[in-house]
Amino acid sequence: MESIRPALAKIRLAAPQRAYNRPLLCQCLHTSAARGATPLPHPSVPGPPPETPQAQPSDAAQRVARKRRQADMMKQAREMRESYTPSNKPKSMLAKRFWKDVSVKETDGGLQVFLDHRPVRMPNKQILTVPASKPQLAAAIALEWDLLMSAQQALKNDYIPMTSLAARAIDIEAADKAGQSNIRNDILAYFMRVLATDTLLCWAPEKVINDTLQDGKTLRQIQEEVATGIIAYLQTHVFPGVEIKPTLDPNSIIPVEQPKMTQEVIRGWCAGLPAYELAGLERAVLASKSLLVSARLVHEWSEAFAQSRPAAEGSRFGIDEAAEASSLEVKWQTVQWGEVEDTHDVQREDLRRQLGSAIVLVSGNAS
Numbered sequence: 001m002e003s004i005r006p007a008l009a010k011i012r013l014a015a016p017q018r019a020y021n022r023p024l025l026c027q028c029l030h031t032s033a034a035r036g037a038t039p040l041p042h043p044s045v046p047g048p049p050p051e052t053p054q055a056q057p058s059d060a061a062q063r064v065a066r067k068r069r070q071a072d073m074m075k076q077a078r079e080m081r082e083s084y085t086p087s088n089k090p091k092s093m094l095a096k097r098f099w100k101d102v103s104v105k106e107t108d109g110g111l112q113v114f115l116d117h118r119p120v121r122m123p124n125k126q127i128l129t130v131p132a133s134k135p136q137l138a139a140a141i142a143l144e145w146d147l148l149m150s151a152q153q154a155l156k157n158d159y160i161p162m163t164s165l166a167a168r169a170i171d172i173e174a175a176d177k178a179g180q181s182n183i184r185n186d187i188l189a190y191f192m193r194v195l196a197t198d199t200l201l202c203w204a205p206e207k208v209i210n211d212t213l214q215d216g217k218t219l220r221q222i223q224e225e226v227a228t229g230i231i232a233y234l235q236t237h238v239f240p241g242v243e244i245k246p247t248l249d250p251n252s253i254i255p256v257e258q259p260k261m262t263q264e265v266i267r268g269w270c271a272g273l274p275a276y277e278l279a280g281l282e283r284a285v286l287a288s289k290s291l292l293v294s295a296r297l298v299h300e301w302s303e304a305f306a307q308s309r310p311a312a313e314g315s316r317f318g319i320d321e322a323a324e325a326s327s328l329e330v331k332w333q334t335v336q337w338g339e340v341e342d343t344h345d346v347q348r349e350d351l352r353r354q355l356g357s358a359i360v361l362v363s364g365n366a367s
């Protein structure tokens with residue numbers, strides 16, 4: 001076997017070598033000539049784009065029923081969770097309601113809200129007392145406390161908005177009596193910042209590409225129409241003779257300052273407001289982002305201006321008018337593009353709730 005291997009090796013070396021064709025690295029996949037795509041003209045349709053599909057607004061009763069079902073489910077889950085907790089675990093006094101009845105009593109200083117026999121107090125332990133001429137405010141505060149399920153909820157301002165608003169007015173009144181002007185100065189500084197970019201004076205551009213119409217009017221025309229009526233009332237009865245200009249030029253995004261005389265007159269009027277009117281104006285400005293709309297609303301309902309206010313002809317300037325004037329652009333967009341459920345409707349109702357709380361605070365028997 002060992003002698004055969006060298007012979008086989010010689011035979012292999014002597015044999016002629018075959019030529020192997022190596023495959024090419026590049027291979028053509030097709031032989032047809034390359035052609036570019038033929039562009040087609042984009043079809044053009046004359047006129048504005050078609051209307052967007054409108055979302056059907058849900059019924060208010062259905063939303064309330066759905067939220068009640070959700071609240072019941074959360075309550076049942078909470079009760080089941082509490083039933084499985086150890087019984088020896090101590091419970092906080094804040095987790096339960098320690099009062100049964102809520103009432104309003106008239107005292108020498110004014111109206112007070114009582115939880116059984118305990119008066120409602122402010123965070124500084126002072127008894128919450130509202131003027132005797134504001135029974136609707138005391139009733140609203142009593143209703144808030146009657147709806148609470150536990151004392152822990154009273155620690156959140158969202159559950160007691162009228163109580164917090166009345167406490168704010170009392171704090172301003174106490175600071176005025178003590179000769180402290182820091183609270184008023186902070187509020188006035190905020191008012192002037194809002195006036196520089198007041199929502200009522202921020203209008204859409206005059207010329208907008210593909211601008212649409214609603215009820216035959218553009219957004220700017222509606223904004224001008226609403227602002228003209230409010231400004232005319234303010235220039236006649238609140239800020240006599242002042243010049244109020246739009247915040248934005250037609251082709252500019254930089255706000256235009258109001259004249260110095262206008263700023264001084266408006267600041268002086270706000271500085272002279274009583275405590276409850278100033279607190280109500282602050283709440284309305286925070287909600288509407290418009291000092292002019294808020295001033296119009298406060299002047300319409302405040303008992304401090306009952307004697308100087310002209311007699312109302314027809315319907316009064318109320319919650320709906322103030323809310324619409326401060327949210328014209330949002331309303332325009334929702335009509336054009338549709339409403340987002342649990343977003344736009346919640347914001348709309350929250351705006352009306354806050355403006356209504358300002359009316360309750362400033363109004364009284366004389367208004």
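Taking the UniProt record's numbering, the leading residue of the sequence shown gets 1, the next gets one more, and so forth. Positions of the beta carbon are idealized from the N, C-alpha and C atoms, including for glycine.
* Pull up the DSSP beta-bridge partners for lysine 105, would you. => Gln112
* To do: Label valine 208 either buried or exposed according to how many other C-beta atoms from any shown protein chain fall within 10 Å of its C-beta, with 16 as the threshold for buried.
  => exposed
* **For alanine 317, the nearest candidate out of Leu273, Ala279, Gly229 (CA to CA)** => Residue identity differs from the one stated: residue 317 is phenylalanine in this sequence, not alanine. Phenylalanine 317 has its Cα closest to that of Gly229, out of Leu273, Ala279, Gly229.
* Would you call the CB atoms of lysine 245 and valine 238 closer than 8 Å? -> No, the pair does not count as a contact, with Cβ atoms beyond the cut-off.
* Asked: With a CB to CB cut of under 6 Å and the five nearest residues on each side skipped, what residues in its chain are close to leucine 281?
  -> Only Ser294, Val298 meet the Cβ criterion.
* Spatial distance of arginine 348 from proline 41 (CA atoms) -> In a straight line, the C-alpha of arginine 348 is about 45 Å away from that of proline 41.
* Hey, out of Gly338, Val104, Ser327, Leu165, whose CA is closest to alanine 358's CA? -> Leu165
* alanine 312 versus Tyr190, Trp301, Ile319, residue with shortest Cα-Cα distance -> Trp301
* Cβ atoms of methionine 122 and alanine 167: under 8 Å apart, would you say? -> yes
* To do: Mind checking which residues open and close the alpha helix (DSSP H) that includes glutamine 333?
  => 328-337
* Alpha carbon to alpha carbon, how far is glycine 338 from histidine 344? Give it in angstroms, no decimals. => Whole-angstrom Cα-Cα distance: 10 Å.
* To do: Would you kindly check if the distance between the Cβ of leucine 291 and the Cβ of aspartate 198 is under 8 Å?
  => Contact: yes.
* Excluding sequence positions up to five away, which residues of its chain have a Cβ less than 7 Å from the Cβ of alanine 154? -> Leu148, Ile160
* Asked: Which parts of the segment 148-229 are runs of the alpha helix (DSSP H), unbroken and 4 residues or longer, counting only runs that do not cross its ends?
  -> 161-177, 182-196
* **With 16 other Cβ atoms within 10 Å as the buried cut-off, status of leucine 286** => exposed
* Taking lysine 125 as the reference, which of Arg97, Ile170, Ser181 has the closest Cα? -> Ile170
* Asked: What do you get for phenylalanine 98, buried or exposed, if any count of 16 or more other CB atoms within 10 angstroms of its CB means buried?
  -> So phenylalanine 98 ends up on the exposed side.
* Asked: In whole angstroms, what separates the C-alpha of valine 362 from that of leucine 111?
  -> 15 Å
* **Enclosing alpha helix (DSSP H) for serine 298 [first to last residue]** => For the sequence presented, residue 298 should be read as valine rather than serine. Where valine 298 is concerned, the enclosing alpha helix (DSSP H) stretches over 291-301.
* Asked: Run through DSSP, which three-state label would threonine 343 get?
  -> coil
* To do: With DSSP as the reference, please indicate the residues paired to proline 135 in a beta bridge.
  => In DSSP, proline 135 forms no bridge with anything.
* Return the Cβ separation of leucine 219 and glutamate 329 in integer angstroms, given the expectation that the two are a contact with Cβ distance under 8 Å. => 7 Å
* **Of the listed residues Trp203, Ala77, Glu243, nearest to serine 252 (C-alpha basis)** => Trp203
* Rounded to whole angstroms, what's the CA-CA distance from glutamine 336 to alanine 232? Just pull it up for me. => So the alpha carbons of these two residues sit roughly 30 Å apart.
* Three-state secondary structure assigned by DSSP to valine 362 -> helix
* **Cβ distance (whole Å) where serine 150 is taken to contact lysine 67 below 8 Å** => Not really, about 20 Å apart at Cβ, beyond 8 Å.
* To do: On a CA-only basis, which of Asn365, Arg309, Asn157 is nearest glutamine 354? Give me that one, please.
  => That would be Asn157, whose Cα lies nearest to the Cα of glutamine 354.
* Using the Cα positions of arginine 283 and glycine 47, report the straight-line distance between them to the nearest angstrom. => The alpha-carbon separation between arginine 283 and glycine 47 amounts to approximately 45 Å.
* Could you tell me how far apart the beta carbons of valine 242 and threonine 262 are, in whole angstroms, since I believe they sit closer than 8 Å? => 5 Å
* If you drop the 5 nearest sequence neighbours on each side, which residues of the same chain put their C-beta closer than 8 Å to that of threonine 52? -> Gln336, Trp337, Gly338
* Taking Cβ to Cβ, would you say glutamine 152 is nearer than 8 Å to leucine 195? -> no
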